[in-house]
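The next block holds one structure in the form of structure tokens; read it before the comments.
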Amino acid sequence: MNTSPASSQRAPWRDILDSHLQQTPGHEFTIATIGYDARNRPVPRLRTCGCRGFFPELELHPKGQEAMDEQVEGGGNPPTYESDMLCFTTDTRMEKLPQLESSGNAIEAVFWLRDFMTQWRIKGTAYAIGDPTGNESENEKASREEIKKSLRLKGHDRDIAYWTWDKAVTKYFANHSPVARGSFRNPPPGLPRSQSASNPDLKLGQKVTDLHDPVARNNFRVVVIHPEEVERLDLTKQEDGKRWKWILEAANGSDNAQWNETEKCRCTHPPVAPPATEAVMHGAVQSTGTAPPPTSLAATRSLRQTKAKAEAKKKETAAPSDDIPSIPSEPEPEPEPEPEAAVGPPQLLLREVPELPTDIMVAAHHLAMHTVYARELQRDIPVFKVAFEGGILAQRASMAEIQNSLEARSATEIAIFQDCLLAHRDIMAAAAVVQRQVVLWIESWTGGN
Numbered sequence: 001m002n003t004s005p006a007s008s009q010r011a012p013w014r015d016i017l018d019s020h021l022q023q024t025p026g027h028e029f030t031i032a033t034i035g036y037d038a039r040n041r042p043v044p045r046l047r048t049c050g051c052r053g054f055f056p057e058l059e060l061h062p063k064g065q066e067a068m069d070e071q072v073e074g075g076g077n078p079p080t081y082e083s084d085m086l087c088f089t090t091d092t093r094m095e096k097l098p099q100l101e102s103s104g105n106a107i108e109a110v111f112w113l114r115d116f117m118t119q120w121r122i123k124g125t126a127y128a129i130g131d132p133t134g135n136e137s138e139n140e141k142a143s144r145e146e147i148k149k150s151l152r153l154k155g156h157d158r159d160i161a162y163w164t165w166d167k168a169v170t171k172y173f174a175n176h177s178p179v180a181r182g183s184f185r186n187p188p189p190g191l192p193r194s195q196s197a198s199n200p201d202l203k204l205g206q207k208v209t210d211l212h213d214p215v216a217r218n219n220f221r222v223v224v225i226h227p228e229e230v231e232r233l234d235l236t237k238q239e240d241g242k243r244w245k246w247i248l249e250a251a252n253g254s255d256n257a258q259w260n261e262t263e264k265c266r267c268t269h270p271p272v273a274p275p276a277t278e279a280v281m282h283g284a285v286q287s288t289g290t291a292p293p294p295t296s297l298a299a300t301r302s303l304r305q306t307k308a309k310a311e312a313k314k315k316e317t318a319a320p321s322d323d324i325p326s327i328p329s330e331p332e333p334e335p336e337p338e339p340e341a342a343v344g345p346p347q348l349l350l351r352e353v354p355e356l357p358t359d360i361m362v363a364a365h366h367l368a369m370h371t372v373y374a375r376e377l378q379r380d381i382p383v384f385k386v387a388f389e390g391g392i393l394a395q396r397a398s399m400a401e402i403q404n405s406l407e408a409r410s411a412t413e414i415a416i417f418q419d420c421l422l423a424h425r426d427i428m429a430a431a432a433v434v435q436r437q438v439v440l441w442i443e444s445w446t447g448g449n
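Counting from 1, position 179 in the sequence shown corresponds to residue 179 in this note's numbering; the numbering is continuous, with no gaps.
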């Protein structure tokens, strides 16, 4: 089994990733291993797994902790250790573990956290623990030794004597629901449903409440990823995407490794923004942006040709290694544009029109924008009506409460309240008139559509 460098210091990227994961409920990641096809060629194998956080710092849900309190001495391990190692759980009968063993335990995990527009890549070495025989298994013993190198003490020294590997693995098993625990008593993966397993204990749909169930625990493992290279790609600003890389390196003759950080910008050229133009399509003026309209047909054609050439150059540009297409630099427009040529798949062609005066083009631009705004207002009329009617109902309820309170008031107070009610009715009537006028304006702008 390969050995990994260990660091005694907290990784500089850990708190950032941990913060992202804490704010991303139900976070999963993609796990990549190396397998072999029928011709014994190495091929990548990917699957999505549930990330169980940093080993061994799993926070159990209430039902899981209740099971631990009832079935495990002391309710589990004391909070003795922390680490920078992510982990997930698996079934020994899956292909992941044999693939790891055949490739030196090499592994890579990828998160795409959409809420943060951030991708995380963790490369390293994977170690599986959970064999019920414990240190009697050479693989289990070696995995524990490698993982232990990267555990950092965060509690008291006296707690070390109460911390055990069995409790650590049992905690991850308790984190599953009874039905999920029962999946480790399922028939072997890949067995046709029409066939029965040779072991009568293996059946679908079982629920396991015993955290030490021998059949389920024999198939259950926790896979711990020892990170050796971490990349963070931040696309919050796509025009200024950034990537950070941390590499764990050990100095010559030293057992303690350190994280070295580098930063580099993903984009070396500014992105090409699509030109905002106006064009007459089938006799109707349409706006593709809020920028001022072009002053001539030649300028419009030049912008269209610039965009077409940019798209053609983008197709010729090879994709980078991070699987996210690169953004080509903006090409310079030629002084004398050539006739348009079809680029890529067939697209809707704009009908060329005679060159028009600037004031007419500006007026057409404004008309198109007002048409868009009018349609958006018309679309929102039902929402406005609901809100308006809700306000009226609330005001009526308030008026009813005021009317009921008048009975307990003096004659002078009654007269004042009645004047206020009359004024309020006048205001509501005026508001209704304004609403009807707005509706008429919108209908006139949109032609009643």
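Don't be surprised by glycine CBs; every beta carbon is placed ideally from N, CA and C.
Q.
Is it the case that the region 111–129 contacts the region 199–210, given that we only count it when at least three CB pairs across the two stretches are under 8 Å?
A. When Cβ pairs closer than 8 Å are counted between the two stretches, the region 199–210 is seen not to touch the region 111–129, the count staying below three.
Q. Starting from leucine 100 and walking both ways along the alpha helix (DSSP H), at which residues does that stretch end?
A. From DSSP, the alpha helix (DSSP H) with leucine 100 extends over 96–102.
**Q.** C-alpha distance - valine 215 paired with leucine 235, whole-angstrom precision
**A.** The straight-line gap from Cα to Cα measures roughly 46 Å.
Q. Out of curiosity, what's the CA-to-CA distance linking threonine 170 and proline 56?
A. The straight-line gap from Cα to Cα measures roughly 11 Å.
Q) Between the Cα of arginine 152 and the Cα atoms of Asn40, Asp69, Ala430, Phe54, which residue gives the shortest distance? A) With distances taken between CA atoms, arginine 152 lies nearest to Phe54 out of Asn40, Asp69, Ala430, Phe54.
(Q) Taking the alpha-carbon of threonine 30 as reference, which of Arg193, His156, Ala11, Cys87 has the nearest alpha-carbon? (A) Comparing Cα positions, the closest option is Cys87.
**Q.** Whole runs of the alpha helix (DSSP H) within the region 144–221, excluding any shorter than 4 residues
**A.** Taking 4 residues as the minimum length, the alpha helix (DSSP H) runs contained wholly in the region 144–221 are 165–174, 178–182, 214–219, in order along the chain.
**Q.** Own chain partners of isoleucine 16 with C-beta closer than 8 Å, once the 5 adjacent residues on each side are dropped
**A.** The residues are Arg232.
Q | Cβ shell of alanine 89 (< 6 Å), same chain only, five flanking positions each side left out | A | Contrary to the premise, residue 89 reads as threonine rather than alanine in this sequence. In chain order, Tyr172, Val222 place their CB closer than 6 Å to the CB of threonine 89, counting only its own chain and leaving out the 5 sequence neighbours on each side.
Q) Just the Cα atoms here: how many angstroms apart are tryptophan 246 and glutamate 95? A) Looking at the backbone, the Cα of tryptophan 246 and that of glutamate 95 are separated by about 30 Å.
Q: For my contact list, leucine 248 and serine 8 are in at a C-beta cut-off of 8 Å; report their separation, rounded to the angstrom.
A: Taking 8 Å as the upper bound for CB-CB distance, leucine 248 and serine 8 are not in contact here, some 12 Å apart.
Q. Between alanine 180 and valine 208, what straight-line distance do the alpha-carbon atoms span, to the nearest angstrom?
A. Roughly 8 Å separates the two Cα atoms.
Q. Excluding sequence positions up to five away, which residues of its chain have a Cβ less than 8 Å from the Cβ of proline 132?
A. So the list reads Pro214, Arg217, Asn218, once near-sequence residues are dropped.
Q | Span of the beta strand (DSSP E), counted from its first residue to its last, around glycine 64 | A | Looking at the DSSP string, glycine 64 is not in any beta strand (DSSP E); the run it does join, the alpha helix (DSSP H), is 62–71.
Q: Output the distance between the C-alpha atoms of lysine 141 and valine 224, rounded to the nearest integer angstrom.
A: The straight-line gap separating the alpha-carbon atoms of lysine 141 and valine 224 is approximately 14 Å.
Q. Within this structure, are the beta carbons of alanine 32 and glutamate 108 separated by less than 8 Å?
A. In this structure, glutamate 108 lies closer than 8 Å to alanine 32 by Cβ.
Q) Roughly how far, in whole angstroms, is the beta-carbon of glutamate 261 from the beta-carbon of proline 12, given that I think they are within contact range, below 8 Å? A) Yes, glutamate 261 and proline 12 are in contact; Cβ-Cβ is about 6 Å, under 8 Å.
Q: Starting from glycine 35, follow its DSSP beta bridges and name the residues at the other end.
A: BP columns for glycine 35 point to Val43.
Q: Confirm, please, whether the CB-CB distance from histidine 212 to serine 4 is below 8 Å.
A: No.
Q. Per DSSP, what kind of secondary structure is leucine 86 in: helix, strand or coil?
A. The answer is strand: DSSP assigns leucine 86 an E or B state.
Q: Using the DSSP secondary-structure output, state which residues sit across from threonine 118 in a beta bridge.
A: By DSSP's assignment, threonine 118 forms a beta bridge with Leu113, Asp234.
Q: Kindly indicate which three-state DSSP category glutamate 57 falls into: helix, strand or coil?
A: When secondary structure is reduced to three states using DSSP, glutamate 57 falls in the coil class, being assigned neither helix nor strand.
Q | Candidates Asp240, Leu367, Thr48, Gly35: closest to serine 102 by CA position | A | It is Gly35 whose Cα lies nearest to the Cα of serine 102.
Q) Who are the near neighbours of valine 433 in its chain, counting only those whose CB is closer than 7 Å to its CB and skipping five residues on each side? A) So the list is empty, once near-sequence residues are dropped.
Q. From glutamate 401 to alanine 423, what does the alpha carbon distance come to, in whole angstroms?
A. Taken atom to atom, the span from the alpha-carbon of glutamate 401 to that of alanine 423 is near 17 Å.
**Q.** C-alpha gap between valine 353 and glutamine 437, whole angstroms
**A.** The pLDDT assigned to valine 353 is 45, lower than 50, so where the model puts this residue is not dependable; a value taken from the coordinates is nonetheless given after this. C-alpha separation (whole angstroms): 38 Å.
**Q.** asparagine 256 in three-state terms, based on DSSP
**A.** It is a strand residue.
Q. What residue from Tyr81, Leu191, Ala197 has the CA that sits closest to histidine 156's CA?
A. Of all alpha-carbon atoms in Tyr81, Leu191, Ala197, the one lying nearest the alpha-carbon of histidine 156 is that of Tyr81.
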